[in-house]
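So the sequence shown is numbered by the UniProt record's numbering: it starts at 1 and just counts up by one.
All C-beta atoms in this analysis are idealised placements derived from N, C-alpha and C, irrespective of residue type, glycine included.
None of these values were measured; they are calculated from a predicted model.
Okay, structure first, notes after.
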Amino acid sequence: MSATAGQAQGERSLAERLGLKPGQVVQEVGWDEDVDDDLRDSVEELTGNELVDEDYEDVVDIVLLWWRDGDGDLFDALSGVVTNLTDGGQIWLLTPKAGREGHVEPSDIGEDATTAGLSQTSSISAAPDWSGTRLATPKARR
């Protein structure tokens, strides 16, 4: 079933579950062959824009940060992508679900997000193998 057919039956697309809207610019960071292509396709279909990569030099509304244990320093990665966000922009931190290779402990996410000046606002099952944690910039920055 296509995403459009699913939406016609009242199902929310993966991108809608992330709270994305048409016209938003979404930057993808941390792509590798293990990412969820259905989620990526859903984001592009809903926003009407192709995902921009790590080298994009303008501001973005949303950052999709694919992150696995062993990818490096999460605090550094979060600090790096927050500078790309528009006022009110958000980061969706996508990590492998518990029991899967590369799983990141929620306590590590919370600690590094707080240290980077971000607030954890929600967590969802973003895709079959990926959890999503929404991180927002502080209200003072908005």
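In this structure, DSSP gives D112 a helical state, which the three-state scheme calls helix. Burial state of R40 is buried, judged by a 10 Å Cβ sphere holding 16 or more other Cβ atoms.
DSSP places L135 within a strand segment (E or B) once states are collapsed to three.
Contact check between the stretch 50–57 and the stretch 106–115: fewer than three CB pairs, one atom from each, fall below 8 Å, which does not count as touching. Close CB contacts of N49 within its chain, under the 8 Å cut and outside five residues either way in sequence, are with G23, Q24, V25, V26 (chain order). T86: member of the beta strand (DSSP E) spanning 85–96, first to last residue. A contact between stretches requires three or more CB pairs, one per stretch, nearer than 8 Å, and the stretch 90–109 meets this requirement with the stretch 57–69.
In this structure, the CA atom of A126 is about 12 Å from the CA atom of R12. Looking at the backbone, the Cα of E28 and that of R134 are separated by about 14 Å. Contact check for I124 and G132: beta-carbon distance about 5 Å, within the 8 Å limit, so the pair qualifies. Between V81 and V63 a beta carbon distance of about 5 Å is seen, short of the 8 Å cut, so the two are scored as contacting. T121 counts as exposed, since fewer than 16 other C-beta atoms from the protein chains shown sit within 10 angstroms of its C-beta.
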